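*Asks:* Quick note: the sequence shown uses my numbering, first residue 630, plus one each step.
Glycine included, each C-beta is placed from N, C-alpha and C at the ideal position.
Note that this is a predicted model, so its numbers are computed, not measured.
Sharing a structure here in structure tokens format.
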Amino acid sequence: MVKNPNLTLAGSDLAALLCSRVCHDVISPVGAINNGLELLDEGGADEDALDLIRTSALNASVRLKLARLAFGASGSVGASIDTGEAEKAAKDFAAAEKKTEVIWNGPRAIIPKNRVKLLLNLFLVAYGSIPRGGSVDVTLENPEFDAKFTLVAKGRMMRLPPKFMEINSGQVEEAIDAHSIQPYYTVMLADEAGMVLKAEQTPEEIIFTATMATAAT
630 MVKNPNLTLA
640 GSDLAALLCS
650 RVCHDVISPV
660 GAINNGLELL
670 DEGGADEDAL
680 DLIRTSALNA
690 SVRLKLARLA
700 FGASGSVGAS
710 IDTGEAEKAA
720 KDFAAAEKKT
730 EVIWNGPRAI
740 IPKNRVKLLL
750 NLFLVAYGSI
760 PRGGSVDVTL
770 ENPEFDAKFT
780 LVAKGRMMRL
790 PPKFMEINSG
800 QVEEAIDAHS
810 IQPYYTVMLA
820 DEAGMVLKAE
830 QTPEEIIFTA
840 TMATAAT
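This is the structure in structure tokens:
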């Protein structure tokens with residue numbers, strides 16, 4: 630049950646905006662696959678075209694796999710997910726992008742679905758905080774019970790994501806759209822999981838944490 634009064638999107642609007650976000654993420658690699666096929670049809674640059682198709686197909690695949698876990702149902706209501714699936718999805722996503730290293734620490738566990746979705750959405754927020762690449766260090770502590778997730782992002786041009794900070798603080802000045810739906814969904818998942826989100830920046834890194842509300846008080 631949603632307790633945060635600032636999370637006011639209707640279910641249909643939430644679904645529509647998440648679908649728009651997923652389409653935005655995959656349209657570029659799918660378009661590149663089409664360009665590669667057109668090159669093959671024209672009979673030129675066969676090897677270059679095949680490389681473009683292979684790279685773009687991989688990029689689309691890892692984005693969809695991450696989206697399935699982060700945004701999709703991934704099983705029945707109330708289902709649990711292996712955190713190993715989340716680790717693989719995050720690492721494959723970063724490997725395909727070829728600009729950010731993901732380090733994953735902590736025990737592998739089967740935990741409630743929404744907690745895994747929160748972890749992956751917080752990963753996407755952390756990943757977006759270093760647009761020029763770098764590293765994201767993910768640490769899971771006691772994931773099955775009083776869970777704590779810590780994600781440390783390091784890289785050039787680091788910045789705390791403004792939309793995430795606004796939504797998490799309850800100070801949303803503009804309507805939620807396809808660009809801000811992912812941080813909104815992250816905050817909503819934390820609210821439903823009974824976890825508190827925090828983010829802080831130092832000169833060397835940005836630290837994101839998700840802590841059980843009972844432990845954070």
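Are leucine 769 and alanine 822 touching if we call contact CB-CB under 9 angstroms?
*Replies:* No.
*Asks:* Nearest to isoleucine 739 by CA position, among Tyr756, Asn771, Ala807 and Ser649, is which residue?
*Replies:* The shortest C-alpha separation from isoleucine 739 is found at Asn771.
*Asks:* Does the structure place the segment 784 to 803 close enough to the segment 826 to 839 that three or more beta carbon pairs sit under 8 angstroms?
*Replies:* With the cut-off at 8 angstroms, the segment 826 to 839 and the segment 784 to 803 touch.
*Asks:* So what does DSSP say about alanine 807, is it helix, strand or coil?
*Replies:* If DSSP states are grouped into helix, strand and coil, alanine 807 belongs with coil.
*Asks:* Taking DSSP as the reference, what is the three-state secondary structure of threonine 831?
*Replies:* Here threonine 831 sits in coil by DSSP.
*Asks:* Since alanine 755 contacts phenylalanine 837 with CB under 8 angstroms, what's their CB separation in whole angstroms?
*Replies:* Right, the Cβ-Cβ distance comes to about 5 angstroms (below 8 angstroms), so this counts as a contact.
*Asks:* Is there contact here, the segment 798 to 808 with the segment 772 to 787, by at least three beta-carbon pairs under 8 angstroms?
*Replies:* No, because fewer than three Cβ pairs between the segment 798 to 808 and the segment 772 to 787 fall closer than 8 angstroms, the two stretches do not touch.
*Asks:* Can you list, in chain order, the residues of its chain whose CB lies under 8 angstroms from that of leucine 749, leaving out five sequence neighbours each side?
*Replies:* Closer than 8 angstroms at the Cβ level, and outside the excluded window around leucine 749, lie Leu695, Leu698, Ala699, Ala715, Ala718 and Ala719.
*Asks:* Across which residues does DSSP place alanine 782 in a beta bridge pair?
*Replies:* DSSP, once it has assigned bridges, lists Val765 and Ile835 as partnering alanine 782.
*Asks:* Which partner residues does aspartate 711 have in the DSSP bridge list?
*Replies:* The partner list for aspartate 711 (beta bridge, DSSP) reads Ile739.
*Asks:* So what does DSSP say about threonine 840, is it helix, strand or coil?
*Replies:* Here threonine 840 sits in strand by DSSP.
*Asks:* Near valine 767, what residues of its chain come up, given a Cβ to Cβ distance below 6 angstroms and the 5 sequence neighbours on each side ignored?
*Replies:* So the qualifying residues of the chain are Trp733 and Leu780.
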